[in-house]
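Asker: I'd like to ask some things about the structure below.
Chains as they are written, first to last, in the working numbering: chain A, 1 to 422; chain B, 423 to 491.
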């Protein structure tokens, strides 16, 4: 009986603690003096007709991870002939953008590549890890840590991911031959912007991405509001940063030239955000700390980061330059959407929906509508690039992007029949 | 995001830089997002030193043309 009472008191303390502010142990480290984050490896091969595959894995919990794994398995089983030698399509996956549950499979693929892909299924997906998390949450020791220390609910998810799947792996471990550029996305609570775990973004924070555990980024990307606490990072650009941060010319141009905000508002806002993170001149807000929630709140499909990598002139991936120089002529964009248009039972019930169902709708409905808009804008971009690629022979300036073909492949959970969803 | 077309003319092959980042080569039409850019070339010995280029309302048949000498 005494144990039950003690457990109840600890649970109460944990609940009270969840409503309070906590100073966390920040998982990110500063860049050393005179250094910066290494840019991604060259993604463009020697053959301009080899397909360059970009994938966006949406959020959607373990369903998203499972669907993403299925897509990668299929790409591993298909090949194309390259000068008489078959090349597996999965070896041409060069960019993976991901959100929430999709970040589990994205990070795993980035870490181990095609050879050990299926270990994700046996080591993580087949086990009921959410049940483990729930069980741990009721463990008196966990409850005590949650209530009496800086340990938070997102730390519990981070530790679970690290213990069961990533085993201490850090971003530096992603640097293997042929590895894709991995872009895991979270949402910045202060600005409402997409926060991507990329070398470029960590340069903005004067922070060393290589040292960051993968589990931190996956947990931040999946920090579903209310159920989980935000993942917090420290912005060392607001401290005594002695790193040699590269670039920044585009930020200055966007913020000082007279017209960008009228011609390309989105790019202007991205520059304004980067300038604020860098503690730059006339920063429009101060972000000494970043508090990150599930990437699905801003872009559940990961399309914004994918689009930036594909066509931003300032992306270190340099794909736009390769298109304009005729070094890439075949691009495949695969958008894997695991959000399902499920029956939540509200319409069949005469009673006014309770608070939990309302909260679920308040969070879920905007995510779904944003995903639809993101996918539509991606398709517009693909159509525009294809139209450019079929430019007439008499076009001035002999475009080297003539012949560019971009293939858009949407994979949506709602395309599956009910019996296929099991 | 809308896509625009830029043709940078120069008497030899040079890299074209938009706000300091390489985006293509001279004398071949380039795809770029609509925006305002500071366009320069790799190397030196060209004039003007940079061009303030507003990219909007172009088409593949009528790209924005910028000439360096």
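Positions of the beta carbon are idealized from the N, C-alpha and C atoms, including for glycine.
Between the alpha carbons of residue 37 (chain A) and residue 200 (chain A), how many angstroms are there, rounded?
Answerer: About 7 Å.
Asker: Can you tell me where the beta strand (DSSP E) with residue 405 (chain A) in it begins and where it stops?
Answerer: First-last of the beta strand (DSSP E) with residue 405 (chain A): 405-412.
Asker: How many angstroms separate the CA atom of residue 103 (chain A) from the CA atom of residue 301 (chain A)?
Answerer: Rounded to the nearest angstrom, the two C-alpha atoms are 11 Å apart.
Asker: Give, in chain order, every residue of the stretch 394-405 of chain A whose Cβ lies closer than 7 Å to some Cβ of chain B.
Answerer: Correct list: 395, 396, 397, 398, 399, 400, 401.
Asker: Starting from the Cα of residue 245 (chain A), find the closest Cα among A:32, A:26, A:24, A:25 and give me that residue.
Answerer: For the residues A:32, A:26, A:24, A:25, the minimum Cα distance to residue 245 (chain A) belongs to A:32.
Asker: Round the Cβ separation of residue 28 (chain A) and residue 98 (chain A) to the nearest angstrom and send it over; I've been treating them as touching at under 8 Å.
Answerer: Residue 28 (chain A) to residue 98 (chain A), Cβ: 19 Å. No contact.
Asker: From what residue to what residue does the beta strand (DSSP E) around residue 337 (chain A) run?
Answerer: That run of the beta strand (DSSP E) goes 330-337.
Asker: Since residue 306 (chain A) and residue 95 (chain A) should fall inside the 8 Å C-beta cutoff, what is the C-beta to C-beta distance between them, to a whole number of angstroms?
Answerer: Contact flag correct, Cβ pair sits at about 7 Å.
Asker: So, are the CB atoms of residue 325 (chain A) and residue 482 (chain B) less than 8 Å apart?
Answerer: Against a cut-off of 8 Å, the Cβ pair of residue 482 (chain B) and residue 325 (chain A) comes out as no contact.
Asker: Identify the contact partners of residue 463 (chain B) in chain A, using a Cβ-Cβ distance below 8 Å as the criterion.
Answerer: In chain order: nothing, as chain A lies at least about 14 Å away.
Asker: Over the uninterrupted alpha helix (DSSP H) stretch that includes residue 254 (chain A), give me the two end residues.
Answerer: Looking at the DSSP string, the run of the alpha helix (DSSP H) that includes residue 254 (chain A) is 249-256.
Asker: Chain B partners of residue 328 (chain A), CB-CB under 8 Å?
Answerer: Within chain B, no residue comes near residue 328 (chain A); the closest Cβ sits about 12 Å away, beyond 8 Å.
Asker: Note down, in chain order, every chain B residue with its Cβ under 8 Å from the Cβ of residue 314 (chain A).
Answerer: Near residue 314 (chain A) (Cβ distances below 8 Å), the residues of chain B are 441, 443.
Asker: Against chain A, does residue 433 (chain B) count as a neighbour if the rule is that its beta carbon must be under 8 Å from one of theirs?
Answerer: No, residue 433 (chain B) lies away from the interface with chain A (no Cβ there is under 8 Å from its Cβ).
Asker: For the alpha helix (DSSP H) containing residue 505 (chain A), name the first residue and the last one.
Answerer: Lying before the first or after the last residue shown, residue 505 (chain A) is absent from chain A, which here runs from 1 to 422.
Asker: Once you ignore the five residues that flank residue 191 (chain A) on each side, which residues in its own chain have a CB closer than 8 Å to its CB?
Answerer: Around residue 191 (chain A): 273, 276, 285, 287.
Asker: At a cut-off of 7 Å, would you count residue 48 (chain A) as near the ligand ATP, judging by its Cβ distance to the nearest heavy atom?
Answerer: Among the components modelled here there is no ligand, and therefore nothing to report on the ligand ATP.
Asker: I need the straight-line Cα distance from residue 441 (chain B) to residue 468 (chain B), nearest angstrom please.
Answerer: Those two C-alpha atoms are separated by around 17 Å.
Asker: The alpha helix (DSSP H) spanning residue 423 (chain A) covers which residue range?
Answerer: Residue 423 (chain A) is absent from the model: chain A starts at 1 and stops at 422.
Asker: Of all the CB atoms in chain B, is at least one closer than 8 Å to the CB of residue 6 (chain A)?
Answerer: The predicted position of residue 6 (chain A) is uncertain, since its pLDDT is 47 and thus under 50; a value taken from the coordinates is nonetheless stated next. No, residue 6 (chain A) lies away from the interface with chain B (no Cβ there is under 8 Å from its Cβ).
Asker: Tell me whether the beta-carbon of residue 105 (chain A) lies closer than 8 Å to the beta-carbon of residue 57 (chain A).
Answerer: Yes. Within cutoff.
Asker: Work out the CA separation of residue 241 (chain A) and residue 247 (chain A) for me, nearest whole Å.
Answerer: If you take the alpha carbons of residue 247 (chain A) and residue 241 (chain A), they lie about 16 Å apart.
Asker: What's the gap between the Cα of residue 367 (chain A) and the Cα of residue 280 (chain A)?
Answerer: Roughly 32 Å separates the two Cα atoms.
Asker: Relative to chain B, which residues along the stretch 362-395 of chain A have a C-beta separation below 9 Å, given in chain order?
Answerer: Listed by position, the residues of the stretch 362-395 of chain A near chain B (Cβ gap below 9 Å) are 377, 380, 381, 384, 385, 387, 388, 391, 392, 394, 395.
Asker: Would you call the stretch 355-363 of chain A and the stretch 214-221 of chain A touching, i.e. three or more CB-CB distances under 8 Å?
Answerer: Contact between the stretch 355-363 of chain A and the stretch 214-221 of chain A is absent, because fewer than three Cβ pairs lie under 8 Å.
Asker: Is residue 429 (chain B) closer than 8 Å to residue 475 (chain B) when the C-beta atoms are compared?
Answerer: For residue 475 (chain B) and residue 429 (chain B), no; Cβs fall outside 8 Å.
Asker: Is any beta-carbon of chain A found at less than 8 Å from that of residue 473 (chain B)?
Answerer: So no, residue 473 (chain B) is outside the interface.
Asker: Give the interface partners of residue 185 (chain A) over in chain B, defined as CB-CB distance under 8 Å, in chain order.
Answerer: Going along chain B, no residue has its Cβ under 8 Å from residue 185 (chain A), so there is no contact; the nearest lies around 18 Å.
Asker: Express the C-alpha separation of residue 81 (chain A) and residue 409 (chain A) in angstroms, rounding to a whole number.
Answerer: Whole-angstrom Cα-Cα distance: 20 Å.
Asker: Determine the closest residue to residue 298 (chain A) out of A:373, A:198, A:416, with distance taken between C-alpha atoms.
Answerer: Residue A:373 is the option with its Cα nearest to residue 298 (chain A).
Asker: Just the C-alpha distance for residue 264 (chain A) and residue 22 (chain A), rounded to the nearest angstrom, thanks.
Answerer: If you take the alpha carbons of residue 264 (chain A) and residue 22 (chain A), they lie about 38 Å apart.
Asker: Mapping DSSP to helix, strand and coil, what is residue 7 (chain A)?
Answerer: Its pLDDT being 48, under 50, residue 7 (chain A) is placed unreliably by the model, and nothing is read from it.
Asker: Drop a sphere of 10 angstroms on the beta-carbon of residue 226 (chain A), count the other beta-carbons inside from all chains shown, and report buried for 16 or more, exposed for fewer.
Answerer: Answer is exposed; the Cβ neighbour count stays below 16.
Asker: What residues of chain A sit near residue 476 (chain B), judged by a beta carbon separation below 8 Å?
Answerer: Ordered by position in chain A, the residues that pass the 8 Å Cβ test against residue 476 (chain B) are 259, 263.
Asker: In angstroms, rounded to a whole number, what distance separates the CA positions of residue 100 (chain A) and residue 255 (chain A)?
Answerer: Answer to the nearest angstrom: the Cα atoms are 32 Å apart.
Asker: For residue 470 (chain B), which residues in chain A fall below 7 Å Cβ to Cβ?
Answerer: Result: empty, since nearest Cβ-Cβ is about 16 Å, beyond 7 Å.
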